[in-house]
Structures are given as C-alpha cells and as structure tokens.
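If you use the working numbering, the sequence shown closes out at 359, no skipped numbers anywhere. Contents: one structure, followed by commentary.
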Amino acid sequence: MKKYFIGIDLGGTNTRVALINKRFAILDRASFPTRTSKTPQRFVSAVCNSVNNLLKKRGLTRRDVIGIGMGIPGQMDIKKGIIYSLTNIKGFNGVNIKRLFAKRIKIPLYIDNDVNVMTLAELHKGAGKGKKNLVCITLGTGVGGGIIINGRLHRGHLSSAGEIGHIPINVDGPRCNCGGIACIESYVGNSYIIKEVKRRIGRGEKTIIKRLAGGNVSRITPELLYKAAKRRDKFAVVFWKEIGFRIGVMLSGVINLLSPDKVIIGGGVAQAGRFILNPIKETVKKRAMNIQRRHVKIVRASLGRDAGLVGAAVLVSLERDGNI
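Here's what the structure looks like:
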C-alpha cells in the first residue's frame, strides 16, 4: 500500500525535496542549489536523484509513493503542467514540467503556485487549521497571496487568483515588474526596503543599521532592520510601522472583499514580528469595515520554511481525492 508523498519546494536559490508520510510529517529531506541545474532537464534529473536517494535511505521504492507535489514561484497551467513564468529563475518559461517528470520518473506530479501550496499547509497543519475562510500572504522578495473560501483553495480563472502583491494602493506610483503601477509589492518588498533604508541613511538619518552591517551599506537587509528594531532603534521601529501601515491598508480592502476568519502572514519580512504585525492590526482596525475587523484574526504563519514541503504533500492528497 502506498503511504508516502514527495514534496518539492522550488526556490530561486535552493530546491528542497522531502519524504513525507500520510500525516504530513517530514521524515527526511534533501536540497540542492537551483542555479546549478542550468536547464529544466538537469533540474528534473537533480530532483529525481534526490527522490531516489531519499527512498533508498528508507528502504523504499517508487511504488511506495502516492505522488509528488511541487510549489512553483510563478504562473502556470496546473493541469497541463506548462510553466508560463518563474520568479527569479531563468529558462523555464514555456516548459511542460509534468512531461519532463513523466519521462524520468513514473510517479504522478501535481503543481501549484508556491503561495497556494503554503496556504494549504497552514490550512491543514498550521495556523489556519479548523478555519473555513483564510487569506495567507507572504512578505519577502515579492508579496504573494493564497485564498481559502469555504474550506477550498480558490484558484480563480486561469488559476491566477491571489496576486495580492499586485493590488495598487495609489493612483500613481512606480511601475511594477508585472507591468502595473503602484502595486503594494513596490512599496513593501525586500528591494524597496533595502533601497529606501539606504536612501535615508544617505541623507543623514540616524540609525544603528549601518553599524550592524559592518559599515557597509551594501550588506543591509530586512533582517538587519529587524535586529535594529529589537534594539529599540527609532529609525527601524518607525520604518517597520510604515511598512505595516501600507500592508494594513491593502489588507483592509482584502478583508472587506473576502471576509476571512483569519489572515496568516508568512515570509521573510514577517520575521519582523510585532514590529510589523502590530501596525498591520492597528491599520485594519481603523480601515476595515466594522463587522469584518471585529471578527478577523491576523497571525503569523506557524510552519516556517517547512510550509512549502508540507503543503506540496497536502496538494497531492487533495488532488488525488478530488477535494481541491
């Protein structure tokens, strides 16, 4: 009897592969640098090698595997397996990833957007367990979103729902990489945070961040901004309030539209904890409609980096049972 899943988290830096049981517990894992696989074919070979090694270590074969799930940071045709675009990964546009896997490994592959996969993980094993209507957002290099309505993942037309990062928050503003104008991602993403912190330091604003970066502003990261805030650096605390306010404005609209039980916030920028969550909550209390703001809870994601792997296994289980 087949008892295991393979979860794959395709990232811009590393690809992680895990052996997962029916309770969605990770039994073993492996990883490899994504960029060393210079073609989609080499990438699939590297994944298959990782899968074979994980199975061999446990004395298992491919026959023991129910299916492979993979979270992909981009847009795709989830049924046909065609990747339209990937974030920060070159060479995959137009590739039929399912067809490539079918040539190498006789295990069914299921794919979805990486934030949808994270959302499924939080729904079934994390901060959203027991809830029927959720919004999950990830804050990092970009801003992503996943939506659960009546207990099911909402993919929308062309499976492209949940692009929260591309909700415009101003009439005018910077042009986003997506082609839009004034997208929230352009005001709260990693690149904006780093660029704006450097700009303000350059004009003489006082902060310990440059010292934390060893005097080299090129080493400034959102993580250093968080460390500065923990040390009560006024510049850092105020900066996180600005970021949280903008996210709160955007979320107020999302909450008014979807009326979720809970909003779950994950991703690297969310590591700023209370420094970003508190201003988000305060803004939602002021901006969202009365009924929604009194009943929605805004919390941090609970599964961390494992959400992509666990969610990939959940994806397989739901797809196989026809419950998605």
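C-beta atoms are modelled at their ideal positions from N, C-alpha and C, and glycine is treated no differently.
Counting C-beta pairs closer than 8 Å gives fewer than three between the region 77 to 84 and the region 114 to 123, which falls short of the contact rule. With a 10 Å radius around the Cβ and a threshold of 16 neighbouring Cβ atoms, threonine 48 comes out exposed. Bounds of the beta strand (DSSP E) holding leucine 144 are 144 to 148. By the Cβ criterion, the region 295 to 314 is in contact with the region 322 to 342, since at least three pairs of Cβ atoms, one from each stretch, lie closer than 8 Å.
The distance from the Cβ of glycine 161 to that of glycine 177 is about 21 Å, inconsistent with a contact at the 8 Å cut-off. For proline 108, there is no enclosing beta strand (DSSP E), as DSSP marks it with neither H nor E.
In this structure serine 226 is exposed. Its beta-carbon is surrounded by fewer than 16 other beta-carbon atoms within 10 angstroms. Take the alpha-carbon of glycine 339 and the one of glycine 346: they are about 11 Å apart. Contact annotation: the region 171 to 188 does not touch the region 131 to 141, with fewer than three C-beta pairs closer than 8 Å. About 16 Å separates the beta carbon of alanine 323 from that of isoleucine 299, a gap too long to meet the 8 Å contact definition. For lysine 276, DSSP records no beta bridge to any residue.
Beyond the five residues adjoining it in sequence on each side, isoleucine 243 comes within less than 6 Å, by CB distance, of Ala263, Asp268 in the same chain, given in chain order. Taken in chain order, the complete beta strand (DSSP E) segments of 3 or more residues contained in the region 56 to 144 are 61 to 68, 100 to 107, 109 to 112, 117 to 121.
Bounds of any beta strand (DSSP E) do not take in isoleucine 228; it lies within the alpha helix (DSSP H) bounded by 225 to 237.
Under a 10 Å Cβ-count criterion, leucine 193 is classified as exposed, with fewer than 16 other Cβ atoms of the shown protein chains found around its own Cβ. The Cβ neighbour count for valine 319, taken over all protein chains shown within 10 Å, is at least 16; the residue is labelled buried. Between isoleucine 359 and phenylalanine 270, the alpha-carbon positions lie close to 45 Å from each other. Using a Cβ distance threshold of 8 Å, isoleucine 113 and isoleucine 146 count as a contacting pair. Take isoleucine 107, set aside five residues on each side of it, and the residues of its chain with a beta-carbon closer than 8 Å to its own are Leu45, Ile118, Leu121, Ile132, Ile146, Asp147, Asn148, Asp149, in chain order.
Here the alpha carbon of tyrosine 39 sits roughly 42 Å from the alpha carbon of arginine 254.
Residue burial annotation: alanine 60 is exposed, with fewer than 16 other C-beta atoms found within 10 angstroms of its C-beta. Judged by DSSP in its simplified three-state form, glycine 46 adopts coil rather than helix or strand.
With distances taken between CA atoms, asparagine 185 lies nearest to Val170 out of Glu198, Val170, Lys332.
In the three-state reduction of the DSSP assignment, arginine 210 falls in the strand class.
If you compare the alpha carbons of Val152, Leu155, Val289, Ile43 with that of aspartate 63, the shortest gap goes to Ile43. For leucine 174, no alpha helix (DSSP H) encloses it; the enclosing beta strand (DSSP E) starts and ends at 169 to 174.
Residue range 325 to 330 is occupied by the alpha helix (DSSP H) that includes arginine 329. Approximately 5 Å separates the beta-carbon atoms of isoleucine 219 and isoleucine 202; this is inside 8 Å, confirming the contact. Proximity to glutamate 354 across Thr71, Gly181, Leu155 peaks at Leu155, based on C-alpha coordinates. Excluding its 5 nearest sequence neighbours in each direction, asparagine 291 has C-beta neighbours in its own chain below 7 Å: Ala323, Met324, Gln327, listed in chain order.
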